[in-house]
Amino acid sequence: MKRPCLSGQILIARTYLSMGVTSDEMWSFTERQAMEFIAKHGVALSRMIAYTMCRSPLARKFLLKPMAWLVRNRMSNDQLLGVMKRFVSLMGTDPFIPIIKSAERTNPMKLRMSQRKRGS
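FYI, the numbering for the sequence shown is 1 to 120, going by our numbering.
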């Protein structure tokens, strides 16, 4: 299971947001709450895990439903919740913040060090 491409991340984010639960709430689930969550959102949860396995658009088109079915029928509840918790914790924008800050500081119209006198 690898981190999906942006299109897959968008699909996962939409599915995750439709569940109405935060990552912090998931980490503090009791056993009963975890079972209720799986009973209510098990199909969506298996689809999210299948999105991480079927990364290309072609694979999602043909393999998503069988993969989600396989996840539902072969993975234990602990594994489902563990994968979900780990993936949701990695879905944030934290890795992109330094890149965004660097891009904000860079002005392509500003003269560089080697171009102080004449410009470009």
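For each residue, glycine too, the CB sits at the ideal point set by N, CA and C.
Check residue i in the structure and name its three-state DSSP category.
i: Gly82; result: helix
i: Met130; result: For the chain, the structure presents residues 1 to 120; residue 130 sits outside this window and is missing.
i: Pro4; result: coil
i: Gly42; result: helix
i: Ile28; result: Correcting the residue identity first, residue 28 is Ser in this sequence and not Ile. If DSSP states are grouped into helix, strand and coil, Ser28 belongs with coil.
i: Thr52; result: helix
What is the rounded straight-line gap between the Cα of residue i and the Cα of residue j?
i: Arg14; j: Lys40; result: 17 Å
i: Trp69; j: Ala34; result: 20 Å
i: Met26; j: Ala44; result: 15 Å
i: Gly8; j: Arg47; result: 11 Å
i: Tyr51; j: Val21; result: 19 Å
i: Ile38; j: Val71; result: 13 Å
Would you kindly check if the distance between the Cβ of residue j and the Cβ of residue i is under 7 Å?
i: Met84; j: Met67; result: no
Compare the C-alpha of residue i against each of the options and name the closest.
i: Arg86; options: Ile10, Leu64, Cys5 and Asp24; result: Asp24
i: Asn77; options: Ile12, Gly42, Phe62 and Leu58; result: Gly42
i: Pro4; options: Arg74, Leu63, Val71 and Arg55; result: Arg55
i: Leu80; options: Ile49, Lys65 and Ala59; result: Ile49
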